[in-house]
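Here the sequence shown stands for residues 7 to 261, where the numbers follow the numbering used here. Here's the structure, in structure tokens; my notes come after.
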Amino acid sequence: MLIDTHAHLNAPQFDEDRQQVIERAQQNGIRRIINVGFNRETIPSSIALAEQYDFIYSAVGWHPTDAKDMLPEDLEWIESLCQHEKVVAIGEIGLDYYWDTSPKEVQDRVFREQIRLARKVGLPIVIHNRDAHHDVVQTLREEGAAETGGVMHCYSGSWETAKQCLDMNFYISFGGPVTFKNAKQPKEVLEKVPLDRLLIETDAPYLAPHPYRGKRNESAYVRLVAETAAEIKGISVEELAEITTRNAMDLFRLK
């Protein structure tokens, strides 16, 4: 049993064969999927997917690259959705200094507002962090994010940054990039992350693992991430699956 803790199966890349993709995930032992909606367009379709399938849940939030588009009523909308029985987290939220689509100060404001919302409603947060390690950690600390905890999605930072996140009650999640042959740092960090704080994901349709690198990713491929993680940790795939599944069930309070 595996859990894909971060996917975007509502993305247009799946419009032609979404049902088959979901069936392949089930056939490969994926028993839960956290599907992420991150702006005005993707939040409703992520909720709809979670309503359609018992084993799919949703996270809702506002992505940093879209921060400039978020209005006060959008934050109120997200808060109202937090009452939905299939919404298990706020995310993905954070900072992205790679894509120059929203000013840093706007990203910062939107990030902080959503951390405060998570504390208000008592949900964990899913963090998107690209080229903004210092500022993400500082903001999480300043806003008391340890109160909610959450997950550092598709982690790409250093072990030093990971340690700071672990100290704030966060899980560290790895996706397809950790399977790449040249992924020295992610492999080294995964080796050090405590088993009780480890999660796995796909970020489908993005970041497909080896040997599908460069192709469309899908939830069934989380098994390949599990195999790599188990090898790095020196344990069986079955044990890795059991541990990461338990971690995800605890974090997202899944039945």
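For glycine and all other residues, C-beta sits at the position ideal for the given N, C-alpha and C.
Residues bridged to Val94 (per DSSP):
For Val94, which the question treats as bridged, DSSP gives no partner whatsoever.
Quick check on Ala209: does DSSP put it in helix, strand or coil?
Strictly speaking, residue 209 in this sequence is Asp, with Ala absent from that position. Note: Asp209 maps to coil in three-state DSSP.
Which of helix, strand or coil DSSP assigns to Ala214:
For Ala214, the three-state secondary structure derived from DSSP is coil.
Just curious, the beta strand (DSSP E) that Tyr176 is in, first and last residue?
Before going further, note that residue 176 is Phe rather than Tyr in the sequence given. Segment 176-180, the beta strand (DSSP E) holding Phe176.
Label Trp105 either buried or exposed according to how many other C-beta atoms from any shown protein chain fall within 10 Å of its C-beta, with 16 as the threshold for buried.
exposed
Hey, Gly156 and Ala95: beta-carbon distance below 8 angstroms or not?
yes
Per-residue burial, Gly97 [other beta carbons within 10 Å of its own, 16 or more giving buried]:
buried
Unbroken alpha helix (DSSP H) run spanning Asp141, endpoints:
Counting along the chain, the alpha helix (DSSP H) containing Asp141 begins and ends at 139-148.
If I follow the unbroken alpha helix (DSSP H) through Val243, where does it start and stop?
243-258
Cα-Cα separation, Gln26 to Phe20
9 angstroms
Kindly indicate the opening and closing residues of the beta strand (DSSP E) around Leu8.
8-13
Considering only their Cβ atoms, is the gap separating Ala210 from His69 smaller than 8 angstroms?
no
In whole angstroms, what separates the C-alpha of Ile28 from that of Met255?
In this structure, the CA atom of Ile28 is about 20 angstroms from the CA atom of Met255.
To which residues of the same chain is Gly150 closer than 7 angstroms at the C-beta, ignoring the five residues directly before and after it?
Arg125
Does the distance from the CB of Cys160 to the CB of Glu207 come in under 8 angstroms?
In this structure, Glu207 lies closer than 8 angstroms to Cys160 by Cβ.
Spatial distance of Val195 from Ala168 (CA atoms):
8 angstroms
Those residues which DSSP pairs with Val132 across a bridge
Gly97, Val157
Could you give the distance in angstroms between the alpha-carbon of Glu82 and the alpha-carbon of Asn188?
43 angstroms
Quick check on the DSSP output: the beta strand (DSSP E) that includes Val42 runs from which residue to which?
36-43
Under 8 angstroms Cβ to Cβ from Glu245, same chain only, skipping five residues before and after it: list those, please.
Ala236
Give the straight-line distance between the Cα atoms of Thr107 and Thr71, rounded to the nearest whole angstrom.
6 angstroms
Rounded separation between Val127 and Arg115 - CA only
19 angstroms
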